[in-house]
Structures are given as structure tokens and as C-alpha cells.
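J.:
Chains as they are written, first to last, in full-length UniProt numbering: chain A, 1 to 230; chain B, 1 to 230; chain C, 1 to 236; chain D, 1 to 236.
(1) Just the Cα atoms here: how many angstroms apart are residue 229/C and residue 152/D?
(2) Can a CB atom of chain A be found closer than 8 Å to the CB of residue 103/D?
(3) Near residue 102/B, which residues of its chain fall below 8 Å by C-beta distance, leaving aside the five closest residues on each side in sequence?
(4) Name the residues in the region 188–217 of chain D whose C-beta lies less than 7 Å from a C-beta of chain B; which are they?
(5) Rounded to whole angstroms, what is the Cα-Cα separation between residue 14/C and residue 222/C?
(6) If you reduce the DSSP assignment to three classes, tell me which class residue 6/B lands in.
(7) Mapping the DSSP letters down to three states, classify residue 106/B as helix, strand or coil.
(8) Go ahead and pull the three-state DSSP assignment for residue 34/D.
(9) Just to confirm the assignment, what range does the beta strand (DSSP E) spanning residue 214/B have?
(10) Are the beta-carbon atoms belonging to residue 41/C and residue 24/C less than 8 Å from one another?
(11) What are the boundary residues of the alpha helix (DSSP H) that includes residue 184/C?
(12) With a cut-off of 8 Å, does the C-beta of residue 1/A fall near any C-beta of chain D?
(13) With 16 other CB atoms within 10 Å as the buried threshold, where does residue 136/D fall?
(14) Going by the beta-carbon positions, is the gap between residue 16/C and residue 45/C smaller than 8 Å?
(15) Can you check whether the CB of residue 208/A is closer than 8 Å to the CB of residue 197/A?
(16) Does any residue of chain A bring its CB to less than 8 Å from the CB of residue 163/C?
(17) Classify residue 5/A as buried or exposed, calling it buried when 16 or more other Cβ atoms lie within 10 Å of its own Cβ.
(18) Let me make sure I understand the geometry here. Which of 85/B, 68/B, 47/B, 38/B has the alpha-carbon closest to that of residue 60/B?
(19) Taking the C-alpha atoms as reference points, what is the distance between residue 13/B and residue 31/B?
(20) For the region 133–147 of chain A, list every residue whose C-beta sits within 7 Å of some C-beta in chain C, in sequence order.
(21) With 8 Å set as the bound, which would you pick, yes or no: does the beta-carbon of residue 28/D sit closer than that to a beta-carbon of chain A?
(22) Within 8 Å of any Cβ in chain C, is that where the Cβ of residue 100/B sits?
(23) Can the beta-carbon of residue 158/C be found less than 8 Å from the beta-carbon of residue 26/C?
(24) Would you say residue 26/B reaches chain D, if we count a Cβ-Cβ gap shorter than 8 Å as a contact?
(25) Do you know whose CA, among 231/D, 175/D, 192/D, lies nearest residue 216/D's CA?
(26) Taking only beta carbons into account, state which residues of the region 62–87 of chain B come closer than 8 Å to chain D, listed in chain order.
(27) Using CA atoms only, rank isn't needed, just tell me which of 110/A, 39/A, 138/A is closest to residue 234/A.
(28) Take residue 103/D and list the residues in its own chain whose beta-carbon comes closer than 8 Å to its own, dropping the five residues that flank it on each side.
(29) Give every residue of the same chain whose Cβ lies closer than 6 Å to the Cβ of residue 97/C, excluding the five residues on either side of it in the sequence, and list them in chain order.
(30) In terms of alpha-carbon separation, which member of 18/A, 219/A, 66/A, 82/A lies closest to residue 43/A?
(31) Step through the CB atoms of chain C and report whether any lies within less than 8 Å of the CB of residue 116/D.
(32) Take the Cβ of residue 221/B as the centre, count every other Cβ of all protein chains shown within 10 Å, and call the residue buried at 16 or more, exposed below.
(33) Give me, in chain order, the residues of the same chain whose beta-carbon lies closer than 6 Å to that of residue 76/B; leave out the 5 immediate sequence neighbours on both sides.
(34) Answer with yes or no whether the minimum CB distance from residue 54/A to chain D is below 8 Å.
(35) Please state whether DSSP places residue 170/B in a helix, a strand or coil.
(36) Can you name the residues of chain A whose CB is closer than 7 Å to the CB of residue 176/D?
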């Protein structure tokens, strides 16, 4: 994983917090493995979010207490979960009917690369010796209307992850709506990346330097205000 | 309706009885409206048949006693039914998944016309002022491996219903396996109709005269023996 | 907190606009959301496209909606029955359109619409007049017709229990088209015999998860279509 | 009378032949029919094509079946995990084939196979390497890939309750692929935690109707894959 926590910009919990602010009350949300899972911890208390997992649960809750895990009650990351009131179980085809049919309002995933036209690469580096594995990522991004990405702005070696064109094998084309990085919040629009908010301590120059595509900078750029508790 | 009960050959209950003898133990069966419904009354007692209805029930039983009908417990003919132990309910897409997916072993339907190549016409006369209505007939005959037909051998006006080629709009092509008429039992084979069994009082000449296609008559033609109780 | 419960059938159907496509659950009278249909008649929306297996009976429910001249087009598998007079008369006068779809194709098209499957192949209707003008493709030696998913602006369905999140169970064969129509409509409106609290339905026995439901109204003692017809009722 | 109950897991899997295509339920360990898989290892069938979302963990269950060299080809969406060593090693050595399918496409292909739908269009994978060589069609302005239904000779699944007719309920998220694999296999073999009498499951809560089930064996206290792995068990 990267060195997000030690450099300028948002920490990982702060990125998850910022993404959580954009989920509306009553939304059905699918969270990917990793930082996206942390989003659930930061949803404002006056909003009720219903979480969906590919393996057939709506309305699951946090990890159970130690010793109360049930190997048949897990999420798509194969981690134990609990049930909230109003939960339901269903089979895999019905679960992906929810995804493909556009019934899930948001999915929040990690990314290897995102392009200025909303292409996403998050399942394979294309390395010849890798075991290819895709899971439900392609279905999620093809079916869910609001595809949000949380990712470090650059790779471990400092290369941009927001690019004019992805170089890794694609997960889908033209699907990403918004990207939350340690540097800021970026909308993917018809004319490419638009910086909506910038992280404290990050400069526009840093963003321009570390982004592999043009970034539109609005005149009224807002600085993200993260509560001290995050 | 026709004059089947007053002419030579099997009565309607006898046709239903004869068809019932060909259902194997443990079979899943869908019975059409009319004479096919009577088949259930004549299944040998040592065989358990599970009845399916398009509107989402497996394992229904006979009509309830007067006054015990439930308007939400009906069959595809919209007649009240009861439930047997081991019944289940499911939605319409699952119900037709059973049909289209080949899981129902037999369907038994009426017919306007059957062709020597197994084409079936049983939903429309093609009359210009008729209200077209197809229901589940096309799905049943396309999906169920054993399509059995029970029909009078001729129309009310004496015209053959077993033909070289159907003249009415088709329900499906090449699907009928066996036809039970008041005159006998006919298999539909690659070479056309084959008379398997003949009804008491019916002659081969009558069959040849009243069938609009060639009928192969086997050397060892069997006469149907209907129990006196039917 | 999420609460999809509406105070009345009037409130539940208030947003249905002229020209809307409306899926209506039920197979004959079984599962017919008759109070929602009557509220829709009162509400007045017209020029509707209605998707239902049949076309109603007598002068109540779906038949009354059609009889009131609100339906421009029916998509159904079986538009006639012994007690169905309203649709046949309008159809013969050329005052209502009909798209006739085999029942299993209708069910699968609705399920596909809800599942994000835009089109699929089926063996049903190959070689018949209902396949005319449709693409036919051979797959592993058998011919199949291409059929398209069906979606709707609204679905009106009847359920047994509902909770505030919209989770549903059904009653016997009243289930029929309810679960798939709930999937295929932008706004699904449910009349439930009983509204229960959020933990009132076991997660194992939920048939329609609340994600497919938008509005729920309790109708504890729904009218029975055949009883109304016997009584000679003509709505309104 | 119909009675699909088998006396043992050995009897239940006895008919699986070399070269068979076998769907195996479960998502990771949840719902994995581990006793049936172990019985299949003991039974000895080889050259199998196996359909499962993953490729197993540790040296038990599906991973053990693969490790025993019985599987010619895997059809799955996610063939690796932190505890999945067996498949990656065989795959890198070129000793096992892989057909990688997006998870939702895998589920829909299985459901289609069971529902008699030979092929359907889906937006998933359009513009990616997994759509290469596949037909792409534009429908109402969006591109879709043509995918084919999947069927199998056998399905091995785990259920909660089963009755003699083969009606099933499931337990929590162990349901996952069970209901659709039961639909898509010629012979569906079920290990159930509890066998009940024919009237022992409410018709309203049956998840898999018995029409999709051929053999049932009671395994009252199934092993838990992750516990076996913690204990360092290697099957057989």
C-alpha cells in the first residue's frame, strides 16, 4: 500500500470521510474492499444508508464482536458482518440484478488508474504472470449510476493514477463520476477532470504536476474541511 | 364443444384416462385447461405426480370444497385449487424458468390442429375479428420435452385435426410427441403419425378417412382397454 | 430514517402522470392491487400503457381502468376471459392498442428489464406469427427469437406484509408478477395487507427486498374482484 | 412416493463421471458443500470442469479437489485469495485451464442456463479484455456483450432444510449461488443441515422448489472450511 498517511493531503480515513459526505439519505451503497469499506464509519448520523454486498445481503452492519463471527454471514470481501433490522438475503443472480439493473445508487471502489473520460482500470496490471481475477468489479461499474473512486493520487512510485488514457486493462469505459484522492475531489465531466475541492496543504501546482491529464481548476476552489475527529 | 361422447371411440374421460397412463412416477406435469385437467383424476394410485401451474405453484391438489375457495390460490385456468404437502410458491419468471428450462417433464394440452411433423396450432383460428390471446401455451410447448395433446379426432364439423400441415397460426413447430384422440393414440415420429393404439369400436379405415395426413399402422396394433369405471 | 409508508392509496398514486407506462401485478384477480387501481382511476391519469397478464374482468379493477378510457395500449398475454368484456369491445372499435406477448416471454422481459439485461433469446414463439419481424438466431442447432427487456415508470402490486424499508412477502399465488414488476419499475407502489416494523420480516423469507420498492400503503382488507363482480359493482 | 433422500454423501456423488461439468455452490467458504466435495475427491472422478466463484482455500474443499488434479478447467470470477495457493500454482504451470467471467455475468449465465435462455446481452465487460472476441451490439444507444447460458451435468450445493421432494431453504449468505446452480444442472445434489418431512417447509418460504433438486443428503454438522485450515487439515 502507499504512503498516503505520511504525506501532504488527506489521510485514508479522511478520504473515506470525505466520500461519505456525498452519500444521500436512504441510498443503497456497495463498498469495495480496502479504503472504501471505511466510508461506512463516517456517514453523518442523520442519514440512513443501506449496504449491499454482491454475495446476497442488503442491510448488513459492522463486523461482529470477536467470537460472534458466522462463516456464512460475510461480505464480498469475505469478512464477517452483522445484520441490521430490515435486512434481506437473496441469491447471486438477484444480487447482480440489483447491480446491473441500476438499483444500487452508489458504488465506491479503489482504482489503479482513472482516465479523463471516466475509464477505470482496477482489476489487472496486465502482467503476464498474474492470475487474472475480476470478481464483481466490472458488473458494479457497468450497472451502478454513481461510480465513486477513492485512491491515492499517485502510485507507490509517484506516478499519476489520474491519466488522459489508462494503460492497464480496463474495468469499464466512461463510468467514473467522481474521484476522491488524498489531493482533492475530482469530478469526471464531459470535458475531463474538474477539481471540485482541494485538500489542506495541497497546492494546485502539486495537482497539476501529479495528474497525468488536464485538470480544470474552478475560480471558487473550496478547501476540504475535515473535522478534527477524523 | 364436440360430439365426442356420442360417437364411436373414447369418451373425454376415457381420453384423459389413457393419457394419464403414460405419466411416470415422480413426474412434473402441467395440464392445460379443459380435458387435460381431467388427467389428474386418472393417474394410477401408485404414482406421485407433481402438478405445476404457470401462475407460480408446484404441488397443488384438487379443487377445494365449496365455500373453501381462496381467490389467491388458483391455477392457470383461474380455478380454485388446494395445496399438497411439499408445495411451493414462486414468481412468474421463476415459473417460466421451470417451463422454458425443460424442468417440467410433461405438458398436456388441447389442440385445434396437429401436423405430421409435430407442429401445433392451439391458440388462434386467425379469424380477423378474433381477440388474439396466447397465454402460456407457446412457452409450454417450446420448453417442455414431452408435449402431449388430447383432442377429438375431428372438428365439430367433421374435419380432420391431424393434418399434413396446419392451416391455423402455429403455436410452435415440431414439438408434439404424442396425440390422444377419441380414435386412438398417435406418436409423432420423424416419418409422421404412427398409430400406437386404437380405441374400441374404431376401425383403421375410419382413422385413415378422418386423418388429414398419412398414418403408419403397425402390424401389432393394440386396442385400448379402458376400465369399466372410467 | 427510511419510511416508505404512505398514508393513503390516493397519496401513493398521486405522481402517476399522463402517458406513463404502468405495470400492474396480478394474474386474473389473484394478486390484483385493486385499491391502487381504483385510486388511479380517481386520480385521472390517462394515455397509459399498461402491462398485465390479462385485461381485467367485469367493471372493476383493471377492466374499470380500461373502461374509463385511460389506457392507450395493453401489453399482455391473454386479453380475454369469460368475464372480460371491456377490452374486447374497445379493441374491436380500434380504440386501444394491443401488444400480445407469450406469458413466459412477458415474465422474462419484465425480469430482464429489472435486471439490466436489455435483450435475450428465447425458443418461445419461433415459427409463429408472434415471431414475425423479430430477429431469429440459431444457437447450438436450435432457433431462438430475440426479445427485449421491459421497464415501466410505475408498478402497482399487492403484497402480504411490508416493512418501512419496503421489504415484502406475498400470499400464496398472489405472488405471480409482483416480485419481477417491482424490479422493473422506476417507482414501485405496493398495497400490503399488513405493515410491520423494520424487524418484522425474517431476512430469510423476504421475497422482494426493499430496494425494489418505493411506496407502501396498508390495505388491511382488500376487495375481492370476483365478489365485486358478483355483487354487480361497477367502479367508480 | 417421491423420496430424494440419499443415505450418504458417497451415494449422493456416486454417479459423477470423468469429464463431467460440475457447478459447486458457495462464495468462499460461505455455502461451500464441503462434505460433498470431499466425497467427490474420494469417489475419484477426474478431468472435471468446475464452476465456482473462486478456487478454494488451503488444502480442503474445492482447493483439495483442484490440488488432487481432478479439475481440467475452472470457470470462475476470482481465482485467487490470500489463502488460495493450489490453483495459482497449477495455473502458472499450465496444468489447469481458466475461463474468467465477471461475477454478475457468471451468476446471470448460470440463471440463464437454468431458465432455458441460451444467450443474453449485458453491459458488463464492454470495452475490456474480457469482451474480446465476443459479439457487441448497440441497443438504444448503449453497447452490450452477448453472453451464453451455462449448464452443468451436476451441481453440488449446501442448504439449510430439505424435504423428501427436494424443497430447500438456505442459511444467511450461504444461499449465494445455490438456487441458480440447482436450476442449471441436470442432476443437483444437496447437502442439507436438516432433513424434514414433506410438510416441514412452509410453501411460502421455499427458496429452491424440489423440481430443481435430485438428491439430498443430511449433513447435520458440516465442517467449516476456515476452521479446517486453521487446524492445518489437508484433505484427504
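Where a beta carbon is used, it is the ideal one built from N, C-alpha and C, also for glycine.
T.: In short:
(1) Counted from its first residue, the third chain places residue 229/C at position 229. Counted from its first residue, the fourth chain places residue 152/D at position 152. Roughly 49 Å between the two C-alpha positions.
(2) Numbered from its first residue, the fourth chain carries residue 103/D at position 103. So, interface residue.
(3) One-based indexing of the second chain puts residue 102/B at position 102. Closer than 8 Å at Cβ, skipping near neighbours: 143, 144, 145.
(4) 198, 199, 203, 204, 206, 209, 210, 211, 212
(5) The count along the third chain starts at 1 and reaches residue 14/C at position 14. The count along the third chain starts at 1 and reaches residue 222/C at position 222. Cα to Cα, residue 14/C sits roughly 20 Å from residue 222/C.
(6) Here the question's residue 6/B lines up with position 6 in the second chain. Bear in mind that a pLDDT of 48 at residue 6/B, under 50, signals an unreliable position, so the number given afterwards is only what the model happens to contain. Note: residue 6/B maps to helix in three-state DSSP.
(7) On the second chain, position 106 is the one that residue 106/B refers to. Reduced to three states, the DSSP call for residue 106/B is strand.
(8) On the fourth chain, residue 34/D is found 34 positions in, with the first residue counted as 1. Here residue 34/D sits in helix by DSSP.
(9) Counting from 1 along the second chain, the entry for residue 214/B is found at position 214. Careful: residue 214/B lies outside any beta strand (DSSP E) and carries neither H nor E.
(10) Locating residue 41/C in the third chain gives position 41, where the first residue counts as 1. Locating residue 24/C in the third chain gives position 24, where the first residue counts as 1. Cβ atoms of residue 41/C and residue 24/C: not closer than 8 Å.
(11) Looking up residue 184/C in the third chain gives position 184. 178–184 is the span of the alpha helix (DSSP H), which, as asked, contains residue 184/C.
(12) For the purposes of this step, residue 1/A is taken as residue 1 along the first chain, with counting starting at 1. Because residue 1/A sits at a pLDDT of 36, beneath the cut-off of 50, its placement in the model cannot be relied upon, and the point is left open.
(13) Working through the fourth chain from its first residue, we reach residue 136/D at position 136. It is exposed - the Cβ of residue 136/D has fewer than 16 other Cβ atoms within 10 Å.
(14) In the third chain, residue 16/C corresponds to position 16, counting from 1. In the third chain, residue 45/C corresponds to position 45, counting from 1. Yes, the Cβ-Cβ distance between residue 16/C and residue 45/C is below 8 Å.
(15) For the purposes of this step, residue 197/A is taken as residue 197 along the first chain, with counting starting at 1. For the purposes of this step, residue 208/A is taken as residue 208 along the first chain, with counting starting at 1. No, these two residues do not count as a Cβ contact at 8 Å.
(16) Translated into positions along the third chain, residue 163/C becomes position 163. Yes, residue 163/C counts as interfacial toward chain A.
(17) On the first chain, residue 5/A is found 5 positions in, with the first residue counted as 1. Any reading at residue 5/A needs caution, since the residue's pLDDT is 43, under 50, leaving its predicted position unreliable; the model's value is listed next. Looking at its Cβ environment, which holds fewer than 16 other Cβ atoms inside 10 Å, residue 5/A is exposed.
(18) For this step, residue 60/B is matched to residue 60 along the second chain. Measuring from the Cα of residue 60/B, the nearest candidate turns out to be 85/B.
(19) Along the second chain, read from residue 1 onward, the residue named residue 13/B stands at position 13. Along the second chain, read from residue 1 onward, the residue named residue 31/B stands at position 31. Straight-line Cα distance between these residues: approximately 14 Å.
(20) 143
(21) In the fourth chain, counting from the first residue as 1, residue 28/D sits at position 28. Yes, residue 28/D counts as interfacial toward chain A.
(22) Residue mapping note: residue 100/B aligns to position 100 of the second chain, counting from 1. Closer than 8 Å to some Cβ of chain C, the Cβ of residue 100/B qualifies, so yes.
(23) In the third chain, the residue the question calls residue 158/C occupies position 158. In the third chain, the residue the question calls residue 26/C occupies position 26. It is a contact, given that the beta carbons lie within the stated cut-off.
(24) As a working note, residue 26/B is residue 26 in the second chain. Yes - at least one Cβ of chain D is within 8 Å of the one on residue 26/B.
(25) As a working mapping, residue 216/D is identified with position 216 in the fourth chain. Selected option, being the one with the closest Cα: 192/D.
(26) 83, 85, 86, 87
(27) Chain A is shown from 1 up to 230; residue 234/A falls before or after that span and cannot be answered.
(28) Residue 103/D sits at position 103 when you count from the first residue of the fourth chain. Cβ within range, chain order: 53, 77, 78.
(29) Residue mapping note: residue 97/C aligns to position 97 of the third chain, counting from 1. Around residue 97/C: 73.
(30) Here residue 43/A refers to the residue found at position 43 when the first chain is read from its first residue. The shortest Cα separation from residue 43/A among 18/A, 219/A, 66/A, 82/A belongs to 18/A.
(31) Against the fourth chain, residue 116/D aligns to sequence position 116. Chain C, which has a Cβ nearer than 8 Å to the Cβ of residue 116/D, makes this yes.
(32) Numbered from 1 along the second chain, position 221 holds the residue referred to as residue 221/B. Flag for residue 221/B reads exposed.
(33) Numbered from its first residue, the second chain carries residue 76/B at position 76. Once the five neighbours on either side are set aside, the close Cβ partners of residue 76/B are 53, 54, 55.
(34) Here the question's residue 54/A lines up with position 54 in the first chain. So yes, residue 54/A belongs to the interface.
(35) For the purposes of this step, residue 170/B is taken as the residue at position 170 of the second chain. Three-state DSSP puts residue 170/B in coil, outside helix and strand.
(36) The residue labelled residue 176/D in the question sits at position 176 within the fourth chain. The contacting residues are 55, 56, 91, 92.
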